[in-house]
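Asker:
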Amino acid sequence: MEEARAPNNGQLSQLPGLTHLVTGHDKDGHAIIQEERAAPWRTLNSQTSLHEIYATSKFPPNLNDDADMIESKQILATEDLGLVHPGGIICRIVDFAPNNDPMIHRTQSLDYGVVLEGSVDMILESGQVRTLRRGEIAVQRATMHGWRNRSKTHWARMVFVMQHSEPLILDGVALEQDLESFKR
Numbered sequence: 001m002e003e004a005r006a007p008n009n010g011q012l013s014q015l016p017g018l019t020h021l022v023t024g025h026d027k028d029g030h031a032i033i034q035e036e037r038a039a040p041w042r043t044l045n046s047q048t049s050l051h052e053i054y055a056t057s058k059f060p061p062n063l064n065d066d067a068d069m070i071e072s073k074q075i076l077a078t079e080d081l082g083l084v085h086p087g088g089i090i091c092r093i094v095d096f097a098p099n100n101d102p103m104i105h106r107t108q109s110l111d112y113g114v115v116l117e118g119s120v121d122m123i124l125e126s127g128q129v130r131t132l133r134r135g136e137i138a139v140q141r142a143t144m145h146g147w148r149n150r151s152k153t154h155w156a157r158m159v160f161v162m163q164h165s166e167p168l169i170l171d172g173v174a175l176e177q178d179l180e181s182f183k184r
């Protein structure tokens, strides 16, 4: 039976805490675990907390001389890290409180969202709602959307990989990033 992991510092939910394992190479070129650390969390509001795992500023990233590791630490240490990092990719975990208020937003990015714990409603600006369960994946393509955990008692968790994208143009008009609900 798997040992339960205590929540990390700053984590709002009581879901298992997270540990990062970053691989690299020894002097002989063999794969090794180069870094292991507990996950730091930041609170978005009382219903949502985020944990950024890794970030880059360009694609493809430069893995030579640990340039990507150095860059990721610098990006994640900034106070003004947005949901998307211009020119790069962010991997993050998001915990949603039971019966949370969804924050409807659009990012200028191609996002892969995978449900890890619980189930989450994907709410689209058109009014469409789809429930994603553990293991299901949503590919968000600069759409106006939000996430709702309908459970009355259990937290939900998703992992997102968000890649900055070119602006989306529809009928000659750019659909701009819209994060108004995050500014409350």
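For the sequence shown, UniProt numbering begins at 1 and goes up steadily by one. Cβ coordinates follow ideal geometry from the N, Cα and C atoms, glycine included. Keep in mind that this is a model prediction, so the values were computed, not measured.
Provide the residue span of the beta strand (DSSP E) that contains residue 71, from first to last.
Answerer: Against the sequence shown, residue 71 aligns to sequence position 71. Run containing residue 71: none in the beta strand (DSSP E); it sits in the alpha helix (DSSP H), 67-77.
Asker: In its own chain, which residues sit with a C-beta less than 7 Å from the C-beta of residue 21, not counting the 5 before and 5 after it?
Answerer: Within the sequence shown, residue 21 is the residue found at index 21, counting from 1. Excluding residues within five positions, the ones whose Cβ falls inside 7 Å are 33, 36.
Asker: When the Cβ atoms of the segment 117-135 are set against those of the segment 62-73, are three or more pairs found closer than 8 Å?
Answerer: Flag = no, the segment 117-135 and the segment 62-73 do not touch.
Asker: Between which residues of its own chain and residue 47 is the CB-CB distance below 6 Å, once the five residues before and five after are set aside?
Answerer: The residue given as residue 47 occupies position 47 in the sequence shown. If we look at residue 47 and ignore the five residues flanking it on each side, its Cβ neighbours are 97, 100.
Asker: Please say whether residue 110 and residue 141 have beta carbons closer to each other than 8 Å?
Answerer: Walking along the sequence shown from the start, residue 141 turns up at place 141. Walking along the sequence shown from the start, residue 110 turns up at place 110. The answer is yes: Cβ separation under 8 Å.
Asker: Does DSSP put residue 180 in a helix, in a strand, or in coil?
Answerer: Position 180 of the sequence shown holds residue 180. Residue 180 falls in the helix class under three-state DSSP.
Asker: Which first and last residues belong to the beta strand (DSSP E) in which residue 162 is found?
Answerer: To locate residue 162, count along the sequence shown from 1; it is residue 162. First-last of the beta strand (DSSP E) with residue 162: 156-164.
Asker: Bridge partners of residue 139, per DSSP?
Answerer: As a working mapping, residue 139 is identified with position 139 in the sequence shown. Residue 139 pairs with 112.
Asker: Applying the 10 Å Cβ sphere with the 16-neighbour rule, what's the burial state of residue 64?
Answerer: Sequence index remark: in the sequence shown, residue 64 carries index 64 (1-based). Its Cβ having fewer than 16 others within 10 Å, residue 64 is exposed.
Asker: Quick check: what's the CA-CA separation for residue 4 versus residue 17?
Answerer: Within the sequence shown, residue 4 is the residue found at index 4, counting from 1. Within the sequence shown, residue 17 is the residue found at index 17, counting from 1. Approximately 9 Å between the Cα atoms of the pair.
Asker: For residue 169, is the classification buried or exposed, using 16 other Cβ atoms within 10 angstroms of its Cβ as the cut-off for buried?
Answerer: As a working mapping, residue 169 is identified with position 169 in the sequence shown. Exposed, because fewer than 16 other Cβ atoms sit within 10 Å of the Cβ of residue 169.
Asker: Taking all protein chains shown into account, do 16 or more other C-beta atoms lie within 10 angstroms of the C-beta of residue 79, making it buried, or fewer, making it exposed?
Answerer: Numbered from its first residue, the sequence shown carries residue 79 at position 79. Label assigned to residue 79: exposed.
Asker: Using alpha carbons as the reference points, say which of 90, 42, 58, 15 lies closest to residue 107.
Answerer: For the purposes of this step, residue 107 is taken as the residue at position 107 of the sequence shown. Selected option, being the one with the closest Cα: 90.
Asker: With a 10 Å radius around its C-beta and 16 neighbouring C-beta atoms as the bar for buried, classify residue 52 as buried or exposed.
Answerer: Mapped onto the sequence shown, residue 52 falls at position 52. Buried, since its Cβ has 16 or more Cβ neighbours within 10 Å.
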